[in-house]
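Trainee: Okay, handing you the structure first.
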Amino acid sequence: MKLNSGTIKEAPVKKRISVGDFQISVEERAAINEVLDAGRISEWKKVREFERLFADYVNTKHCVAVNSGTSALIIGLSALINESRFPKVRKGSKVITTPLTYIATINAIVLTGLEPVFVDINPYDFSILPQKIEEHLESANDPKKYSIILPVHLMGYPCDMDEINRIAEKYDLVVLEDSAQAHGSLYKGEKTGSLSFLSVFSFYIAHNIQAGEMGAVATDDANLISLMRKLKANGRMCDCSVCTRPNGYCPYFPGYEDDDLDPRFVHDVIGYNFKIMEFEAALGVSQLKKADFILEKRQNNVRFLNEHLDKYSDDLQLPAFSKDISYLAYPIVIKEHSKFTRKYLREELEKNGVESRPLFGCVPTQQPAYNYLKEEYEGKIPNAEYAGKKAFYIGCHQYLEREDLDYAVKAFDQILAK
Ligand SMILES: Cc1ncc(COP(=O)(O)O)c(C=O)c1O
Numbered sequence: 001m002k003l004n005s006g007t008i009k010e011a012p013v014k015k016r017i018s019v020g021d022f023q024i025s026v027e028e029r030a031a032i033n034e035v036l037d038a039g040r041i042s043e044w045k046k047v048r049e050f051e052r053l054f055a056d057y058v059n060t061k062h063c064v065a066v067n068s069g070t071s072a073l074i075i076g077l078s079a080l081i082n083e084s085r086f087p088k089v090r091k092g093s094k095v096i097t098t099p100l101t102y103i104a105t106i107n108a109i110v111l112t113g114l115e116p117v118f119v120d121i122n123p124y125d126f127s128i129l130p131q132k133i134e135e136h137l138e139s140a141n142d143p144k145k146y147s148i149i150l151p152v153h154l155m156g157y158p159c160d161m162d163e164i165n166r167i168a169e170k171y172d173l174v175v176l177e178d179s180a181q182a183h184g185s186l187y188k189g190e191k192t193g194s195l196s197f198l199s200v201f202s203f204y205i206a207h208n209i210q211a212g213e214m215g216a217v218a219t220d221d222a223n224l225i226s227l228m229r230k231l232k233a234n235g236r237m238c239d240c241s242v243c244t245r246p247n248g249y250c251p252y253f254p255g256y257e258d259d260d261l262d263p264r265f266v267h268d269v270i271g272y273n274f275k276i277m278e279f280e281a282a283l284g285v286s287q288l289k290k291a292d293f294i295l296e297k298r299q300n301n302v303r304f305l306n307e308h309l310d311k312y313s314d315d316l317q318l319p320a321f322s323k324d325i326s327y328l329a330y331p332i333v334i335k336e337h338s339k340f341t342r343k344y345l346r347e348e349l350e351k352n353g354v355e356s357r358p359l360f361g362c363v364p365t366q367q368p369a370y371n372y373l374k375e376e377y378e379g380k381i382p383n384a385e386y387a388g389k390k391a392f393y394i395g396c397h398q399y400l401e402r403e404d405l406d407y408a409v410k411a412f413d414q415i416l417a418k
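In terms of the UniProt record's numbering, the sequence shown is numbered consecutively and its last residue is 418.
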């Protein structure tokens with residue numbers, strides 16, 4: 001079947017509407033220069049500054065920064081496994097989570113020796129359905145094997161955290177929010193990432209607060225933070241990244257000067273190297289200062305696109321708009337009866353200079369790495385399977401101006417006009 005195609009005739013210069021962008025402004029350049037001038041590029045004071053500012057931003061007491069959102073998930077889960085306070089969180093225990101997420105969420109669960117268990121999502125905002133979590137736990141043969149609920153605020157849409165926390169309390173489970181895609185989203189007036197025991201964020205270049213690569217775990221729990229500081233640095237006893245050891249020994253470990261032990265090289269847990277460079281933290285600090293502007297600009301862009309693409313609502317499910325959402329991108333789901341396939345639509349958008357991405361895929365049934373789960377889940381999580389095949393997203397980022405949005409709308413007009 002040949003569907004309507006072609007390039008936009010009104011636009012003389014072919015312009016690319018990117019999914020994301022990062023423009024180095026005066027502030028970012030100054031932030032990088034500040035690190036160079038400070039004379040130390042490995043993890044140091046900027047990292048701590050970012051951690052303090054980000055904890056304030058999320059409204060948690062603490063935050064530990066690591067080299068990626070994936071590392072944040074791994075270190076958060078590893079800390080729970082290592083902690084005696086959570087006896088149920090042990091290797092082999094089960095984590096209830098969403099099937100529709102970027103693969104890192106599930107990889108981290110599996111790589112830390114936990115078992116992911118999937119329940120279906122809300123087809124309109126992609127959030128895990130609390131009712132499905134509860135039904136699953138009610139009918140589970142082995143409810144004691146469940147240890148964690150891991151909701152993901154996909155595309156910036158907050159999950160129903162009140163319900164998730166209620167279920168967690170009922171079944172004695174820890175809640176870890178994956179807030180990698182939701183910097184500044186609000187749930188009932190509270191920031192995502194502050195609504196559970198611990199939460200993770202990613203500052204990868206495609207996210208709203210960008211640092212190139214970087215992640216963080218936020219929590220109110222000082223003990224967990226201390227453990228994660230060790231875990232991110234090969235399990236070393238000292239959990240401080242800023243000490244300059246003026247007298248040759250760590251002032252927080254008095255007595256070590258007598259024993260000739262350097263706590264940087266004494267390791268009391270088995271950890272990773274997830275430390276970061278000062279550059280990333282400096283970019284994070286600079287971006288945080290613009291967080292409100294970024295969020296508002298993205299919201300305005302989503303509102304504009306919604307207004308102008310609404311005429312295609314027979315074919316396309318457009319993103320629900322709310323002033324509470326910090327939009328990672330502009331997600332679109334192709335409706336069931338539409339004659340347009342995702343492949344066709346994305347190819348045509350691309351030809352017209354509008355970049356897009358598929359909405360990640362349903363991990364247990366559509367991601368080859370998890371083929372071993374396919375038989376178990378096929379047909380059981382229909383909303384996630386549908387979104388995995390029919391949903392995609394385009395950019396709504398802060399660098400898109402009115403003329404760019406007009407251009408994107410014209411591309412849709414060109415492709416979808418019957
Ligand atoms: C939901 C979600 N979780 C985790 C991650 C992992 O973050 P990173 O790419 O920084 O490792 C991402 C990254 O996009 C994500 O979208």
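Even for Gly, the Cβ is constructed at its ideal location relative to N, Cα and C.
Predicted model only: the values in this text are computed from it and were never measured.
(1) What is the DSSP secondary structure of residue 18, reduced to helix, strand or coil?
(2) Tell me whether residue 180 sits in a helix, a strand or coil according to DSSP, three-state version.
(3) Counting Cβ pairs closer than 8 angstroms, one from the region 158-165 and one from the region 178-198, do we hit at least three?
(4) Taking only runs of the beta strand (DSSP E) that begin and end inside the region 151-214, which ones reach a length of at least 3 residues, in chain order?
(5) Since I believe residue 288 is in contact with residue 57 (beta carbons under 8 angstroms), could you give me their beta-carbon distance rounded to a whole number of angstroms?
(6) Could you pull out every residue in the same chain whose Cβ sits closer than 6 angstroms to the Cβ of residue 416, ignoring the five residues on either side in sequence?
(7) If I measure Cβ to Cβ from residue 21 and keep anything under 7 angstroms in the same chain, skipping five residues before and after, which residues do I get?
(8) Can you give the Cα-Cα distance for residue 348 and residue 189, rounded to whole angstroms?
(9) Tell me the DSSP secondary structure of residue 386 in three-state form.
(10) Residue 215 and residue 71 look like a contact to me (Cβ under 8 angstroms); what is the Cβ gap, rounded to whole Å?
(11) What's the C-alpha gap between residue 69 and residue 285?
(12) Would residue 366 be called buried (16 or more neighbouring beta carbons within 10 Å of its own) or exposed?
(13) Looking at the unbroken alpha helix (DSSP H) that takes in residue 326, where does it start and where does it end?
(14) Starting from the Cα of residue 169, find the closest Cα among 134, 183 and 184 and give me that residue.
(15) Anyone know if the C-beta pair for residue 19 and residue 393 falls short of 8 angstroms?
(16) Could you tell me which residues DSSP pairs with residue 55 in its beta bridges?
(17) Taking DSSP's pairing of strands, which residues face residue 115 in a bridge?
(18) Check the C-beta distance from residue 232 over to residue 272 and give it rounded, since I have them as a contact under 8 angstroms.
(19) Taking Cβ positions, are residue 106 and residue 77 nearer each other than 8 angstroms?
(20) Under the three-state reduction of DSSP, which class applies to residue 347: helix, strand or coil?
(21) Tell me whether residue 175, by its Cβ, gets closer than 7 angstroms to a heavy atom of ligand 1.
(22) What is the DSSP secondary structure of residue 70, counted as helix, strand or coil?
(23) Which same chain residues, not among the five before or five after residue 376, have their C-beta less than 8 angstroms away from its C-beta?
(24) How about residue 181: is its Cβ closer than 7 angstroms to a heavy atom in ligand 1?
(25) Look at the alpha carbon of residue 362 and the alpha carbon of residue 331, and state the distance between them as a whole number of angstroms.
(26) If you measure between the beta carbons of residue 275 and residue 43, is that distance less than 8 angstroms?
(27) Under the three-state reduction of DSSP, which class applies to residue 333: helix, strand or coil?
Mentor: Looking at the coordinates:
(1) coil
(2) coil
(3) yes
(4) 174-178 and 198-202
(5) 6 angstroms
(6) 312
(7) 397 and 399
(8) 40 angstroms
(9) helix
(10) 5 angstroms
(11) 17 angstroms
(12) buried
(13) Element bounds for residue 326: n/a, residue is neither H nor E.
(14) 134
(15) yes
(16) The partner list for residue 55 (beta bridge, DSSP) is empty, contrary to what the question assumes.
(17) 94
(18) 6 angstroms
(19) no
(20) helix
(21) no
(22) helix
(23) 364
(24) yes
(25) 15 angstroms
(26) yes
(27) strand
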